[in-house]
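Participant: Would you mind keeping the following structure in view while I ask a few things?
Number of protein chains: 4
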Amino acid sequence: MIIHVTHDAKESEVQTLVENIEAAGFKVHRSDGERRTIIGLIGDTSKVADNDFKKYRIVDGVYRIQAPYKKANRRFHEDDSVIDVGGVKVGGSNFMVCAGPCSVENEDDTVALAKQLKEAGANTLRGGAYKPRTSPYSFQGLGKEGLRILNVAKQETGLPVVSELMGTEHIDDFVEMVDVIQVGARNMQNFDLLKVLGQTNKPVLLKRGMSSTIQEWLMSAEYIMAGGNNNVIFCERGIRTFETATRNTLDIQAVPVIQKESHLPIVVDPSHAAGVRYLIPSMAKSAVTAGANGLQIEVHQDPENAWSDGQQCLTPAEFKDLMQHINLLVEMENKTIEQAPIIQH
Amino acid sequence: MIIHVTHDAKESEVQTLVENIEAAGFKVHRSDGERRTIIGLIGDTSKVADNDFKKYRIVDGVYRIQAPYKKANRRFHEDDSVIDVGGVKVGGSNFMVCAGPCSVENEDDTVALAKQLKEAGANTLRGGAYKPRTSPYSFQGLGKEGLRILNVAKQETGLPVVSELMGTEHIDDFVEMVDVIQVGARNMQNFDLLKVLGQTNKPVLLKRGMSSTIQEWLMSAEYIMAGGNNNVIFCERGIRTFETATRNTLDIQAVPVIQKESHLPIVVDPSHAAGVRYLIPSMAKSAVTAGANGLQIEVHQDPENAWSDGQQCLTPAEFKDLMQHINLLVEMENKTIEQAPIIQH
Amino acid sequence: MIIHVTHDAKESEVQTLVENIEAAGFKVHRSDGERRTIIGLIGDTSKVADNDFKKYRIVDGVYRIQAPYKKANRRFHEDDSVIDVGGVKVGGSNFMVCAGPCSVENEDDTVALAKQLKEAGANTLRGGAYKPRTSPYSFQGLGKEGLRILNVAKQETGLPVVSELMGTEHIDDFVEMVDVIQVGARNMQNFDLLKVLGQTNKPVLLKRGMSSTIQEWLMSAEYIMAGGNNNVIFCERGIRTFETATRNTLDIQAVPVIQKESHLPIVVDPSHAAGVRYLIPSMAKSAVTAGANGLQIEVHQDPENAWSDGQQCLTPAEFKDLMQHINLLVEMENKTIEQAPIIQH
Amino acid sequence: MIIHVTHDAKESEVQTLVENIEAAGFKVHRSDGERRTIIGLIGDTSKVADNDFKKYRIVDGVYRIQAPYKKANRRFHEDDSVIDVGGVKVGGSNFMVCAGPCSVENEDDTVALAKQLKEAGANTLRGGAYKPRTSPYSFQGLGKEGLRILNVAKQETGLPVVSELMGTEHIDDFVEMVDVIQVGARNMQNFDLLKVLGQTNKPVLLKRGMSSTIQEWLMSAEYIMAGGNNNVIFCERGIRTFETATRNTLDIQAVPVIQKESHLPIVVDPSHAAGVRYLIPSMAKSAVTAGANGLQIEVHQDPENAWSDGQQCLTPAEFKDLMQHINLLVEMENKTIEQAPIIQH
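Protein chains in written order, with full-length UniProt numbering: chain A, 1 to 345; chain B, 1 to 345; chain C, 1 to 345; chain D, 1 to 345.
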């Protein structure tokens with residue numbers, strides 16, 4: 001970390017700053033230039049914040065050399081992390097295909113859909129039981145009953161289950177009933193929730209906040225890992241920009257950026273980025289060739305009657321078509337889609 | 001609500017759509033143009049979402065006439081809402097001056113500061129007990145002990161207390177120990193938290209999410225009000241844009257926009273928008289003449305040794321200077337700053 | 001076009017509005033609801049702006065059904081446009097591979113590089129002669145000498161030449177000396193320049209403005225086409241967002257959106273989006289599978305000594321490697337890369 | 001300027017980099033830490049770009065201490081610049097009130113309006129003769145005839161004239177016929193235009209690009225000043241963000257930021273930021289208390305029949321009302337509004 005000192009700093013002020021830095025456990029490398037003094041900190045700066053120094057009157061710039069995240073950082077963990085998701089490997093050369101309805105609506109449809117998805121090539125099943133909705137007057141999800149239904153579908157197909165947890169109060173149900181706990185975009189910086197997830201060892205699918213930088217996203221993963229849970233999977237789902245032709249702007253560059261900075265897998269959700277059906281196939285293909293470790297796609301048997309997000313769901317037939325392209329591209333990328341385990345009844 | 005039907009819609013599809021709309025309790029006004037059909041919905045559309053119709057293949061546009069929020073909407077509540085905050089009125093012509101440290105650090109400093117703030121003209125006291133921090137390695141707040149200290153400061157000065165609640169698990173402590181529950185920017189769409197707040201009758205200071213539109217912000221207020229709690233105060237604290245010269249971009253236009261759309265008060269927090277000390281006085285003044293119903297400003301006796309956010313704190317002396325300008329401008333706006341009640345010991 | 005009238009509109013005001021609309025040549029469809037009046041315009045609304053009506057006191061919403069662009073609109077031109085670029089077809093199933101240095105530096109290097117690029121599979125040559133630089137103190141390009149050098153390279157390789165025109169004063173040189181005139185992101189709404197280009201029949205590569213919506217981009221193409229020049233190729237090169245990990249955010253969704261709205265080709269420039277070398281290969285591949293009609297990539301023989309943008313250039317060897325992947329993916333997309341014509345000396 | 005070298009840099013590569021830096025005229029301060037080498041450049045770095053060094057393989061960070069602008073930089077020119085605009089001083093404690101129609105439409109209305117504006121307190125007159133319009137089918141301005149009409153209004157009132165120049169081809173007319181040449185937001189980085197303006201000594205009103213950072217804006221002023229013309233006035237007119245409730249987001253913080261970084265004046269245009277009439281008065285007042293050096297406001301005698309931007313024009317009566325507040329606030333800020341000189345006939 002490098003600190004720029006203002007022109008008008010008095011020597012006594014610089015001294016105080018240097019002493020405080022040393023008291024915090026760092027070695028100091030001081031360089032007095034013609035115009036100004038620069039102070040280098042030597043030591044593990046991942047545990048101090050830029051603002052710990054910006055608050056001094058005489059500091060007008062703080063530049064980080066070492067990233068503020070450590071456990072999520074590829075520099076300290078060169079190999080790709082591979083995460084076991086209910087018996088399906090995700091990460092490295094293992095590609096995740098997660099599909100399912102936005103909201104779970106009833107048992108029969110969910111089971112029937114899960115069978116179609118598995119046959120088409122999905123290796124995990126998504127489904128919303130608790131739904132974050134912009135309006136208090138919209139359908140809020142079936143709750144625990146939704147989790148039960150997802151488990152029936154898992155029993156029938158073997159597909160591990162991914163579902164979103166909105167608050168700490170349902171953590172026990174999720175640990176018991178799902179294979180991957182999804183953290184939604186709106187909760188990416190719900191730090192209380194992240195801490196609770198860090199206490200478990202469940203895989204977490206961490207969606208990127210609508211306006212979160214990649215660094216903030218890495219820091220949210222760090223929250224979970226700091227608690228002891230290393231099973232984090234990033235999910236890019238579009239960011240908010242000035243463009244209104246699409247619901248969000250899919251930040252496809254985030255895929256190789258995350259893979260350079262971190263050893264954790266990253267999957268792409270084209271459904272929430274696009275917000276409209278016709279963009280999904282091209283964007284799903286695009287994500288594979290960008291190097292993503294997986295996809296999350298919304299599928300519904302009858303999008304026009306879906307209880308939520310019907311406008312961005314594929315039909316099972318469209319999903320099956322798409323998977324033919326995806327299979328080819330995944331193979332070209334030297335990755336494989338591991339099948340879900342068969343459950344013995 | 002007006003729905004545009006695609007060119008290639010078959011009459012049977014239009015019929016189905018119309019029937020479904022009628023089944024949902026609306027009257028339909030259908031207009032068949034040369035090129036396309038347009039369907040108008042007549043009835044209370046505040047409880048349906050645009051996506052409830054966008055999911056149909058034959059729908060390529062949904063335009064709202066009626067806003068999707070009702071209780072927060074000025075159209076149904078013409079007069080300004082005035083909210084009682086521990087004996088201090090906020091809203092209409094009543095101006096809130098809320099000041100205090102980013103984090104509560106200890107009892108002596110907090111009480112001493114509260115006295116200075118009161119004397120300088122503040123009528124409410126802010127202080128963080130639970131802190132949302134980007135890094136898991138940063139100071140996370142004193143927790144309940146922080147709330148206790150704030151209450152001691154209240155006993156000494158009469159200043160009602162504002163503090164941030166990060167999760168539903170501490171709701172009882174907050175209802176008991178604070179006068180205004182603050183919802184932070186990162187939790188503006190933590191819908192579980194909003195619902196719990198709706199069950200109380202505590203005033204809520206609802207900060208705008210970093211990338212939340214004004215409409216989403218109004219919808220989050222609607223969540224709280226839908227539960228029965230009408231005591232919501234908006235707080236503009238800057239939005240995230242491409243500009244990096246400041247921490248956030250203060251959306252000063254949000255003040256008159258909110259006041260046109262809603263009857264609820266809106267205050268401005270220049271500290272978090274600017275992220276740097278020198279901008280705060282001009283921005284605080286600017287907020288008053290923009291018509292805001294109050295200010296929230298971070299003040300610390302010794303910013304260079306603050307445990308968090310020191311770079312954006314005023315000193316008590318700077319705050320006192322600023323208040324001289326604020327008092328004049330508030331008077332020019334025909335508003336008054338009601339003093340905090342004296343507490344009888 | 002649909003116009004919402006405010007609640008408090010007087011009948012005489014509505015009459016005046018209706019008369020003015022009719023005077024502008026439209027048929028009016030008026031619908032008086034319980035709560036408000038809605039006015040539909042029937043006729044060609046591509047030549048009126050939303051603001052032509054928003055300026056009325058009694059208008060509080062204007063919703064467009066018909067897009068404000070006509071010549072660029074796929075609805076009026078269903079088939080893909082295929083543009084002849086100095087003998088190379090671009091558009092439909094014809095894929096453009098445009099490569100070359102950011103700035104032209106000297107004849108020998110430019111010719112040598114062009115030969116390598118052609119051999120690796122490029123079918124057009126890019127090179128900057130006039131350079132838009134943020135700082136007045138940076139290298140501003142060789143000017144006309146740069147165009148001359150590009151032509152020497154063309155004579156040697158047959159590769160048609162793409163170069164950026166910054167102002168109307170050099171239009172004659174460009175018409176004579178280049179095959180595709182590039183309009184840079186900063187000039188996308190330099191309407192004087194667009195009008196002059198509309199007077200020529202040169203192909204134009206229209207880069208997207210850093211913060212331009214897709215609709216504004218289509219309108220800029222419309223400016224060129226309104227003058228009579230239909231040879232417009234869009235180029236997505238990243239938009240400005242809050243994210244700073246990359247120079248710009250590549251809006252990969254713009255590819256299928258443009259292709260749905262317009263019949264014109266769209267190519268992708270990953271170099272300017274990424275601003276850093278390591279992202280280019282994955283993003284180039286991603287663009288092909290997203291359905292793009294071509295790529296523009298910066299290549300330099302010695303990026304560390306490039307006079308501009310060295311940090312985002314591939315070496316010829318890296319470009320050659322990349323082209324092996326691109327060739328495969330282009331074929332999978334059922335597209336072909338037409339070779340540049342051989343020039344007879 | 002400080003350069004971070006990657007971990008894996010070879011000594012020979014570092015040597016080459018150091019030699020190249022020295023060859024460019026800088027002294028080098030090299031510091032070899034435990035983990036990596038850091039290189040400091042000593043000398044005038046305003047004439048090198050970050051990318052001049054980022055292009056090296058072994059460089060992974062470039063941090064600027066000295067700003068890349070010099071003539072616009074307050075550090076080298078401590079006192080506020082005061083610019084003479086046709087006899088009216090702008091800058092320091094001199095406040096500019098510039099008002100007028102979006103487009104000049106005809107002589108009678110323009111002269112009559114100018115008289116009303118002067119009486120209400122304006123000291124300069126704005127009016128568009130060449131109009132940048134998103135659509136090629138919209139009214140494009142009266143051209144030179146518009147400039148002639150503005151001059152008639154000036155003869156009648158004494159008000160100096162401000163009008164927008166869109167391209168270099170009309171520069172001579174503008175130098176002859178206007179007092180301040182306005183550069184529109186879309187041309188803020190039209191570097192050819194900026195260079196030509198640098199050759200004149202006309203005051204330039206430099207509007208901020210819709211998505212331009214404050215640093216880029218300062219660099220565009222530097223372009224004009226590098227040519228020898230120091231008469232630059234900044235104009236904040238809103239930036240593009242995700243928020244759609246207003247046309248643009250007025251970045252009110254830009255006022256004190258520019259005033260800290262530069263000695264040049266900055267005025268605020270609330271009309272283009274808001275895009276809607278009702279926001280203008282509160283935003284104009286807000287700009288004054290934020291410390292702006294002036295205002296630019298669109299006024300039209302009959303907004304509903306304006307040829308452009310009627311939705312964001314005040315009427316003369318509304319402008320007169322507003323000026324009563326503005327006068328008070330300007331006085332509180334210890335500024336004065338200098339009257340336009342009387343022209344002797």
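Heads up, the beta-carbon is just placed ideally off N, CA and C, and yes, glycines get one too.
These figures come from a predicted structure and were not determined experimentally.
In angstroms, rounded to a whole number, what distance separates the CA positions of E145 (chain A) and D173 (chain A)?
Facilitator: To locate residue 145 (chain A), count along the first sequence from 1; it is residue 145. To locate residue 173 (chain A), count along the first sequence from 1; it is residue 173. Their backbone Cα atoms lie some 11 Å apart in a straight line.
Participant: Against chain B, with Cβ distances strictly below 8 Å, would Q296 (chain D) count as a contact?
Facilitator: Looking up residue 296 (chain D) in the fourth sequence gives position 296. By this cut-off, Q296 (chain D) is not an interface position.
Participant: Quick one: list the residues of chain A neighbouring residue 353 (chain D), beta-carbon separation under 8 Å, in chain order.
Facilitator: Lying before the first or after the last residue shown, residue 353 (chain D) is absent from chain D, which here runs from 1 to 345.
Participant: Establish whether the CB of K335 (chain B) and some CB of chain D are separated by less than 8 Å.
Facilitator: What you label residue 335 (chain B) is simply residue 335 of the second sequence in a count that begins at 1. No, K335 (chain B) lies away from the interface with chain D (no Cβ there is under 8 Å from its Cβ).
Participant: According to DSSP, what are the bridge partners of A99 (chain D)?
Facilitator: In the fourth sequence, residue 99 (chain D) corresponds to position 99, counting from 1. A99 (chain D) is bridged to D:L125, D:I297.
Participant: Check whether the segment 125-133 of chain A touches the segment 101-111 of chain A, counting contact only when three or more Cβ pairs, one atom from each stretch, lie closer than 8 Å.
Facilitator: yes
Participant: Can you confirm whether A277 (chain D), when its beta carbon is compared against all beta carbons of chain A, has any partner nearer than 8 Å?
Facilitator: Position 277 of the fourth sequence, counted from the first residue, corresponds to residue 277 (chain D). Position check: residue 277 (chain D) holds Arg in this sequence, whereas Ala was assumed. Judged by the 8 Å Cβ criterion, R277 (chain D) is not in contact with chain A.
Participant: What residues from the segment 76-89 of chain B come within 9 Å of chain C, judged by C-beta to C-beta, listed N to C?
Facilitator: none
Participant: Taking all protein chains shown into account, decide if H300 (chain C) is buried (16 or more other Cβ within 10 angstroms of its Cβ) or exposed.
Facilitator: Working through the third sequence from its first residue, we reach residue 300 (chain C) at position 300. Buried, by the Cβ-count rule.
Participant: Going along chain B in order, which residues have a C-beta closer than 7 Å to the C-beta of Y69 (chain C)?
Facilitator: The count along the third sequence starts at 1 and reaches residue 69 (chain C) at position 69. Chain B residues near Y69 (chain C): none, gap ~17 Å exceeds 7 Å.
Participant: Does DSSP put T138 (chain A) in a helix, in a strand, or in coil?
Facilitator: Within the first sequence, numbered from 1, the residue matching residue 138 (chain A) stands at position 138. The question names Thr, but residue 138 (chain A) in the sequence shown is Ser. Looking at S138 (chain A) - three-state DSSP - the assignment turns out to be coil, as it is neither helix nor strand.
Participant: Which residue's Cα is closest to the Cα of A287 (chain D): D:C313, D:W307, D:R237?
Facilitator: The residue you call residue 287 (chain D) lines up with position 287 of the fourth sequence. Closest by alpha carbon: D:R237.
Participant: Say whether the segment 75-92 of chain A touches the segment 237-257 of chain A, bearing in mind that this needs 3 or more beta-carbon pairs closer than 8 Å, one atom from each stretch.
Facilitator: no
Participant: Are S308 (chain D) and K131 (chain D) closer than 8 Å when you measure CB to CB?
Facilitator: Within the fourth sequence, the letter at position 308 stands for residue 308 (chain D). Within the fourth sequence, the letter at position 131 stands for residue 131 (chain D). Between S308 (chain D) and K131 (chain D), the gap from beta carbon to beta carbon is short of 8 Å.
Participant: Looking only at its own chain, which residues have a Cβ that is under 8 Å from the Cβ of Q311 (chain C), when we skip the five neighbours before and after it?
Facilitator: Reading the third sequence from its first residue, position 311 is the one you call residue 311 (chain C). Excluding sequence neighbours, Q311 (chain C) sits near G275, V276, R277, P303.
Participant: Which same chain residues, not among the five before or five after T241 (chain B), have their C-beta less than 6 Å away from its C-beta?
Facilitator: Reading the second sequence from its first residue, position 241 is the one you call residue 241 (chain B). A distance below 6 Å between beta-carbons, with the five flanking residues on each side excluded, links T241 (chain B) to the following residues of its chain, in chain order: T249.
Participant: Contact criterion: CB-CB distance below 8 Å. Does T45 (chain B) meet it with respect to chain C?
Facilitator: The residue given as residue 45 (chain B) occupies position 45 in the second sequence. So no, T45 (chain B) is outside the interface.
Participant: Suppose contacts are defined by Cβ-Cβ distances below 8 Å. Is G25 (chain B) in contact with G43 (chain B) by that definition?
Facilitator: As a position in the second sequence, residue 25 (chain B) is number 25, starting the count at 1. As a position in the second sequence, residue 43 (chain B) is number 43, starting the count at 1. For G25 (chain B) and G43 (chain B), yes; Cβs fall inside 8 Å.
Participant: Using a C-beta to C-beta distance shorter than 7 Å, which residues of chain A count as neighbours of H4 (chain D)?
Facilitator: Taking the fourth sequence and counting its residues from 1, one reaches residue 4 (chain D) at position 4. Chain A residues near H4 (chain D): I65.
Participant: Quick one, which of C:A290, C:V183, C:R247, C:D50 has its alpha-carbon nearest I21 (chain C)'s?
Facilitator: In the third sequence, residue 21 (chain C) corresponds to position 21, counting from 1. Ranking C:A290, C:V183, C:R247, C:D50 by Cα distance to I21 (chain C) puts C:D50 first.
Participant: Closest to M323 (chain C) by CA distance: which of C:P281, C:E107, C:P341, C:P265 is it?
Facilitator: Along the third sequence, read from residue 1 onward, the residue named residue 323 (chain C) stands at position 323. Closest option to M323 (chain C), Cα to Cα, is C:P281.
Participant: Would you grab the beta carbon distance between residue 346 (chain B) and S163 (chain B) for me? Rounded to a whole angstrom, and I think it's under 8 Å.
Facilitator: Because chain B in this structure spans residues 1 to 345, residue 346 (chain B) falls outside the shown range and cannot be described.
Participant: Along the alpha helix (DSSP H) that carries H325 (chain B), what are the first and last residues, could you check?
Facilitator: Numbered from its first residue, the second sequence carries residue 325 (chain B) at position 325. Where H325 (chain B) is concerned, the enclosing alpha helix (DSSP H) stretches over 316-332.
Participant: Taking buried to mean at least 16 other C-beta atoms within 10 Å of its own C-beta, is T336 (chain C) buried or exposed?
Facilitator: Along the third sequence, one-based indexing puts residue 336 (chain C) at 336. That one is exposed.
Participant: Measuring straight from C-alpha to C-alpha, what distance separates S212 (chain D) and E243 (chain B)?
Facilitator: Mapped onto the fourth sequence, residue 212 (chain D) falls at position 212. Mapped onto the second sequence, residue 243 (chain B) falls at position 243. The straight-line gap from Cα to Cα measures roughly 8 Å.
Participant: Run down chain D in chain order and give the residues with a C-beta less than 8 Å from the C-beta of T244 (chain A).
Facilitator: If you number the first sequence from 1, residue 244 (chain A) lands on position 244. The answer, in chain order, is T244.
Participant: Can you give me the C-alpha to C-alpha distance between L206 (chain C) and V232 (chain C), rounded to a whole angstrom?
Facilitator: The residue labelled residue 206 (chain C) in the question sits at position 206 within the third sequence. The residue labelled residue 232 (chain C) in the question sits at position 232 within the third sequence. The straight-line gap from Cα to Cα measures roughly 7 Å.
Participant: List the residues of chain C that residue 346 (chain A) touches, going by C-beta distances under 7 Å, in chain order.
Facilitator: It is not possible to answer for residue 346 (chain A), since the shown part of chain A is limited to 1 through 345.
Participant: Strictly under 8 Å for the Cβ-Cβ distance: is N190 (chain A) near chain B by that measure?
Facilitator: Here residue 190 (chain A) corresponds to residue number 190 of the first sequence, with the count starting at 1. Judged by the 8 Å Cβ criterion, N190 (chain A) is in contact with chain B.
Participant: Mind checking whether Y69 (chain C) and L295 (chain C) have CB atoms under 8 Å apart?
Facilitator: Residue numbering aside, residue 69 (chain C) sits at position 69 when the third sequence is read from its first letter. Residue numbering aside, residue 295 (chain C) sits at position 295 when the third sequence is read from its first letter. No. Outside cutoff.
Participant: Using a Cβ-Cβ distance under 8 Å, would V97 (chain B) count as near chain D?
Facilitator: Here residue 97 (chain B) refers to the residue found at position 97 of the second sequence. No, no contact with chain D.
Participant: Take the Cβ of residue 355 (chain D) as the centre, count every other Cβ of all protein chains shown within 10 Å, and call the residue buried at 16 or more, exposed below.
Facilitator: The structure shown does not extend to residue 355 (chain D), since chain D is modelled only from 1 to 345, so the question has no answer here.
Participant: Is DSSP giving L250 (chain C) helix, strand or coil here?
Facilitator: Walking along the third sequence from the start, residue 250 (chain C) turns up at place 250. Here L250 (chain C) sits in coil by DSSP.
Participant: From T45 (chain C) to K27 (chain C), what does the alpha carbon distance come to, in whole angstroms?
Facilitator: On the third sequence, residue 45 (chain C) is found 45 positions in, with the first residue counted as 1. On the third sequence, residue 27 (chain C) is found 27 positions in, with the first residue counted as 1. Roughly 11 Å separates the two Cα atoms.
Participant: Going by Cα to Cα distance, which pick from B:L41, B:I266, B:G291 is closest to L329 (chain B)?
Facilitator: Stepping through the second sequence from its first residue, residue 329 (chain B) is reached at position 329. When only C-alpha atoms are compared, the closest one is B:G291.
Participant: Looking only at its own chain, which residues have a Cβ that is under 7 Å from the Cβ of K195 (chain D), when we skip the five neighbours before and after it?
Facilitator: As a position in the fourth sequence, residue 195 (chain D) is number 195, starting the count at 1. Here the set comprises Y223, G227.
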